[in-house]
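Protein chains in written order, with my numbering: chain A, -3 to 348; chain B, 3 to 195.
For each residue, glycine too, the CB sits at the ideal point set by N, CA and C.
The structure displayed is predicted, hence computed values, not measured ones.
Let me begin by presenting the structure, written as structure tokens, before commenting on it.
Here it is, written out as structure tokens:
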């Protein structure tokens, strides 16, 4: 604050009233930054990264960039900072605060994991199944618009240049008119062009009418959150089922293909009992599919083939020589009758 | 995505596709090989016509209004398409006004904060949040990579009741809708780790 000597006038004013007070902008800025940083936001503080202040006579505009603590109602916290800012600046500097702006530039989130409120009964959404998401088809529409813009721009430029600048019409335009005037329906070129245009049109129509987004599956919505939709990648669903299936003992080479209604699981059996393992695989796949939380239930289809070195349980282990069919002993022990061929038939189980 | 924009895009595609299909199909079916097979009511062109009649074009050009109409029509179409293209690429703003212009929030800051809180949730390996600011409503797009062995259903519950609810609460009167997409790392990536 700088003072200037009193202007001597006809009526001498008291010393306390003499002089002028000019508040520097730097001082107002410091006051603003300090005031914003002092705001108490439920025990935490905002951090000020930058501040500006402009002074016009007795009025000032201040603005601060702050960093607020995160899980908080930002509107309320911001308003608190703003009101404290304008109050303190007005109080300490004696100027009138014309505009106080708070810009939240960053947020500092809590380190702790988010608290889970107890899962009380939310309003049930009435069992509405999640709808399949529809792709917005941005890129095809943008391409069509781009082509239209290019064609219109070229035509407009050409027509204007012919009529305003007296230039010759572009070769492309006259060539096109010539070509169109000499070819009619029935020409092979016209027929081919028509076929290409029809194919393109059919494809665009297909794009417009189909949902798209074939690589994701909708998840069933969380009750009470009507404006939230979640999807799961189909590849991710296949991976999760595959991981669970690989954990079943005796199973190797698992391949999973996840469709919209069925999940096809192909595995090879290296040891163990075949029917029991198939049942175990089906159970595991079904359990995993339930934990996925999908909106529509997928049915697993399991195909289990034995590997070349598989032996049915109960047969004596081989010593490395190729299997030799042995004559059945007199005791009619049915086991040896089944030295099975190496490749068993593929069992297509239609699990319903 | 915005359902209105979705509908507009699809309508444009459908109209263009239908026009191309109709015109192209009609031209393609005029070939000599198929001429005999078309039914009687098909509007087939007479033999010997051309696609563009020079005589009628010259007649049109003699009218005084032909050139201005062509120019005006093309200019209108150009402006419409340009406006539409630019409107899609305008995207969301960077600053979200919380209470008028005097209190604004950088939407990237909120997106980063939500992503970090989401990564702290159990079962989530990586999270990316994209939150373009909208004047009346914001749409958050969350992409989540699950940890190996995590089940998507419970993780979605935890995410919803945790970070996503916090985000909704922090933007309180401003409506926020979310689109979550969950995935896992591919097997090759997981083995290499």
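- Task: Can you give me the start and stop residues for the alpha helix (DSSP H) that residue 218 of chain A sits inside?
- Result: Unbroken run through residue 218 of chain A: none, as it is neither H nor E.
query: Do the segment 88 to 95 of chain A and the segment 61 to 74 of chain A make contact, defined as three or more Cβ pairs closer than 8 Å?
result: no
Which class does residue 176 of chain B belong to by DSSP, given the choice of helix, strand or coil? coil
Leaving out the 5 sequence neighbours to the left and right, which residues in its chain are closer than 7 Å to residue 128 of chain B when beta-carbon positions are compared?
-> Within the same chain, residue 128 of chain B has close Cβ partners 121, 147.
Quiz item: Can you find a CB in chain A that lies within less than 8 Å of the CB of residue 126 of chain B?
Solution: no
Q) Which of the three DSSP states, helix, strand or coil, is assigned to residue 85 of chain A? A) helix
Exercise. Quick one: what's residue 229 of chain A bridged to in DSSP?
Worked result: DSSP lists A:212 as partners of residue 229 of chain A.
| task | Can you grab the Cα-Cα spacing for the pair residue 158 of chain B / residue 123 of chain B, in whole Å? | result | 10 Å
Worksheet item: Using a Cβ-Cβ distance under 8 Å, would residue 121 of chain A count as near chain B?
Response: Low confidence applies to residue 121 of chain A: its pLDDT is 48, below 50, so where it sits in the model is not reliable, and the reading given next is rough at best. False, the Cβ-Cβ gap to chain B never drops below 8 Å.
| query | Taking any Cβ of chain B, which residues in the segment 270 to 285 of chain A have a Cβ under 9 Å from it, in chain order? | reply | Within the segment 270 to 285 of chain A, the residues whose Cβ lies closer than 9 Å to some Cβ of chain B are 284, listed in chain order.
Taking a contact to mean a Cβ-Cβ separation below 8 Å, would you say residue 30 of chain A touches residue 48 of chain A in this structure? It is not a contact, given that the beta carbons lie outside the stated cut-off.
Once you ignore the five residues that flank residue 113 of chain B on each side, which residues in its own chain have a CB closer than 7 Å to its CB? Closer than 7 Å at Cβ, skipping near neighbours: 131, 132, 133.
Apply the 10 Å Cβ neighbour rule to residue 176 of chain B and answer buried if 16 or more other Cβ atoms are within range, or exposed otherwise.
The C-beta of residue 176 of chain B has 16 or more other C-beta atoms within 10 Å across all chains shown, which makes the residue buried.
Item checked: Rounded Cβ spacing between residue 20 of chain B and residue 182 of chain A (contact assumed at less than 8 Å) -> Contact doesn't hold; Cβ gap of about 24 Å is too wide.
task = Put residue 144 of chain A into one of helix, strand or coil per three-state DSSP.
result = helix
**Asked** Checking contacts by CB at 8 Å: is residue 179 of chain B closer than that to chain A?
**Response** yes
inquiry  = Measuring straight from C-alpha to C-alpha, what distance separates residue 167 of chain A and residue 132 of chain A?
reply    = 39 Å
**OP:** Within its chain, find whatever has a CB closer than 6 Å to the CB of residue 339 of chain A; leave out the 5 residues flanking it on each side and keep chain order.
**Re:** Because the pLDDT at residue 339 of chain A is just 45, under 50, the model does not fix this residue reliably, and the point stays unresolved.
**Report entry** Nearest-angstrom Cα separation, counted from residue 295 of chain A out to residue 172 of chain B
**Finding:** 41 Å
query: If residue 10 of chain B sits next to residue 156 of chain A, beta carbons under 8 Å apart, how far is it from one beta carbon to the other, in whole angstroms?
result: Incorrect: roughly 30 Å between the Cβ atoms, too far for contact.
- Below 8 Å between beta carbons is the criterion; list the residues of the segment 146 to 160 of chain A that meet it against any residue of chain B, in chain order. Taking a C-beta cut-off of 8 Å against chain B, the contacting residues of the segment 146 to 160 of chain A are 148, 149, 151, 152, 155, 156, 159, listed in chain order.
So the alpha helix (DSSP H) residue 184 of chain A belongs to, where does it begin and stop?
-> 184 to 205
Next on the checklist: Looking at residue 216 of chain A: is its Cβ nearer than 8 Å to the Cβ of residue 126 of chain A?
Outcome noted: Against a cut-off of 8 Å, the Cβ pair of residue 126 of chain A and residue 216 of chain A comes out as a contact.
Is there a Cβ of chain A sitting closer than 8 Å to that of residue 34 of chain B, yes or no?
Interface residue, yes.
### Task
Provide the residue span of the alpha helix (DSSP H) that contains residue 24 of chain B, from first to last.
Its alpha helix (DSSP H) spans residues 5 to 30.
Rounded C-alpha distance that separates residue 15 of chain B from residue 140 of chain A:
If you take the alpha carbons of residue 15 of chain B and residue 140 of chain A, they lie about 8 Å apart.
Check your understanding: Using a beta-carbon distance below 8 Å, is residue 66 of chain B in contact with chain A?
Key -> no
- Query: What does residue 178 of chain A touch in chain B if you count any residue whose Cβ is under 7 Å from its own?
  - Reply: Those are 52, listed as they occur along chain B.
Is the CB of residue 19 of chain B under 8 Å away from at least one CB in chain A?
yes
Closest to residue 6 of chain B by C-alpha separation, out of B:90, B:164, B:142, B:145, would be which residue? Of B:90, B:164, B:142, B:145, the residue nearest in Cα terms is B:90.
Item to complete: Could you name the residues of chain A that residue 16 of chain B contacts, counting a contact when the two beta carbons are closer than 8 Å?
Response: 200, 201, 204, 205
- Task: Taking C-beta pairs closer than 9 Å, name the residues in chain A that residue 73 of chain B reaches, listed in chain order.
- Result: 152, 155, 156, 159
Note down the Cα distance separating residue 105 of chain B from residue 55 of chain A, rounded to an integer number of angstroms.
-> If I take the Cα positions, the gap works out to 20 Å.
(Q) If I measure Cβ to Cβ from residue 228 of chain A and keep anything under 6 Å in the same chain, skipping five residues before and after, which residues do I get? (A) 213, 215
What span of residues does the alpha helix (DSSP H) with residue 77 of chain B cover, start to end?
68 to 92
Legend entry - Three-state secondary structure (DSSP) of residue 135 of chain B: strand
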